[in-house]
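Visitor: My questions will all concern the structure given below.
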Amino acid sequence: MQSFITFIQQLEIPQDTQRLFHGRGGRYPQSEHLCLDWFEPVLLITSFKLLEDSELEQIVNAIKQRWQQLTTQKPLNLVYQFRSGLGTETQLICGEVPESHIVTENGNQFNVHLLKGQNHGLFLDMRNGRQWVQQNAQGKKVLNLFAYTCGFSIAALAGGAESVVNIDMSKGALSIGKRNHNLNDFVGNASFYGHDIFKSWGKLKKQGPYDLIIADPPSNQKGSFVATKDYVRLLRRLPELMSEQCELLLCLNAPELTQTFLKQQVEEAMCDVTFVERISNPLVYTDIDEEKSLKVFHYKRKG
Numbered sequence: 034m035q036s037f038i039t040f041i042q043q044l045e046i047p048q049d050t051q052r053l054f055h056g057r058g059g060r061y062p063q064s065e066h067l068c069l070d071w072f073e074p075v076l077l078i079t080s081f082k083l084l085e086d087s088e089l090e091q092i093v094n095a096i097k098q099r100w101q102q103l104t105t106q107k108p109l110n111l112v113y114q115f116r117s118g119l120g121t122e123t124q125l126i127c128g129e130v131p132e133s134h135i136v137t138e139n140g141n142q143f144n145v146h147l148l149k150g151q152n153h154g155l156f157l158d159m160r161n162g163r164q165w166v167q168q169n170a171q172g173k174k175v176l177n178l179f180a181y182t183c184g185f186s187i188a189a190l191a192g193g194a195e196s197v198v199n200i201d202m203s204k205g206a207l208s209i210g211k212r213n214h215n216l217n218d219f220v221g222n223a224s225f226y227g228h229d230i231f232k233s234w235g236k237l238k239k240q241g242p243y244d245l246i247i248a249d250p251p252s253n254q255k256g257s258f259v260a261t262k263d264y265v266r267l268l269r270r271l272p273e274l275m276s277e278q279c280e281l282l283l284c285l286n287a288p289e290l291t292q293t294f295l296k297q298q299v300e301e302a303m304c305d306v307t308f309v310e311r312i313s314n315p316l317v318y319t320d321i322d323e324e325k326s327l328k329v330f331h332y333k334r335k336g
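Numbering (our numbering), first residue to last: 34 to 336.
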């Protein structure tokens, strides 16, 4: 755990919300279970292994000491979350979490929630993906599949997209997504469907074709989407929704599935698209085995 303590002793606080320390990438021996995120104005410690009281105390003391070195003007707000296969335990260590917690990324604002659940409303590892969308959405009709809280939609509209269709089975997540649109004054150019994608295909097709399609599905969500069997099923049907110059952003966040898996799925299901590039992950997410890290692939329809 010493590598995590050493990092904390040199910690700098950025303006934007982002991951600060990513032990899960395997680059920090004995700290592989630890992560540290900045959800302004709150620091979030996440451990994937139960910490002894003495270990947590050591970490908290190191953060408090570094915070005092960084600023005496702002109080320290610190949350600790332990994640296991059996559930999640979250506790407020010190300070407070804003009741209406709004964070900023690339000039856009998002609602987040740190004190309940594992998913906080914004997946920080997708930061570069959202930035790419913001830089490439100008004038395009966008389809945001598995939209969650609509981070990609916010990025697309910030980048000048003509319109965005968001669809996700979770009406609760989409409700937060709508609030995110209101927060950024993006009202009128986005639509929201709380439905199963495959069961709503006719509705999606009616609103197409789309110039940019984003697919960021869960890797293994029973009753919703299992990548090993459902990704190719999705890919086979996407051409029905694509404009002649359509671009695709295909995402896969499953450490057990390699980038070859997704590329082979695309080759099998879609003969009229070409691979352009893999969007790099934020530097902090560098993994000793990049096959295990988030995969974000840019494809383009052959002209």
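A virtual CB, placed ideally from N, CA and C, is assigned to each residue, including glycine.
Beta strand (DSSP E) containing Y243: first to last residue?
Guide: Along the sequence shown, one-based indexing puts residue 243 at 210. Unbroken beta strand (DSSP E) run through Y243: Y243 to A248.
Visitor: May I have the straight-line CA-CA distance separating Q124 from P131, to the nearest angstrom?
Guide: Start at 1 with the first residue of the sequence shown, and residue 124 comes out as number 91. Start at 1 with the first residue of the sequence shown, and residue 131 comes out as number 98. So the alpha carbons of these two residues sit roughly 14 Å apart.
Visitor: Using alpha carbons as the reference points, say which of T121, S87, L103 and L109 lies closest to S80.
Guide: To locate residue 80, count along the sequence shown from 1; it is residue 47. The candidate whose alpha carbon is nearest that of S80 is T121.
Visitor: May I ask you to report which of helix, strand or coil DSSP gives T22?
Guide: Limits of the chain in this structure are 34 at one end and 336 at the other, which puts residue 22 out of reach.
Visitor: Once the 5 residues before and after T307 are set aside, which same chain residues still bring their CB inside 7 Å of it?
Guide: Counted from its first residue, the sequence shown places residue 307 at position 274. Hits under 7 Å: Y332, K333 and K335.
Visitor: Looking at K325: is its Cβ nearer than 7 Å to the Cβ of L295?
Guide: Taking the first residue of the sequence shown as 1, we reach residue 325 at position 292. Taking the first residue of the sequence shown as 1, we reach residue 295 at position 262. Going by C-beta atoms, K325 is not nearer than 7 Å to L295.
Visitor: Looking at the unbroken alpha helix (DSSP H) that takes in T261, where does it start and where does it end?
Guide: Reading the sequence shown from its first residue, position 228 is the one you call residue 261. T261 -> alpha helix (DSSP H) spans A260 to R270.
Visitor: Once DSSP output is grouped into helix, strand and coil, what is the label at Q164?
Guide: To locate residue 164, count along the sequence shown from 1; it is residue 131. Note: Q164 maps to helix in three-state DSSP.
Visitor: Mind checking who A223 pairs with in its DSSP beta bridge?
Guide: For the purposes of this step, residue 223 is identified with residue 190 of the sequence shown, where counting begins at 1. V197.
Visitor: Taking the alpha-carbon of I105 as reference, which of K97, L111 and V112 has the nearest alpha-carbon?
Guide: In the sequence shown, residue 105 corresponds to position 72, counting from 1. For the record, residue 105 in the displayed sequence is Thr; it is not Ile. Answer by Cα proximity: K97.
Visitor: Just to confirm before moving on: does the CB-CB distance between F179 and P250 stay below 7 Å?
Guide: Residue 179 sits at position 146 when you count from the first residue of the sequence shown. Residue 250 sits at position 217 when you count from the first residue of the sequence shown. Cβ atoms of F179 and P250: closer than 7 Å.
Visitor: Which of the three DSSP states is assigned to D70 in this structure?
Guide: Stepping through the sequence shown from its first residue, residue 70 is reached at position 37. D70: strand per DSSP, three-state reduction.
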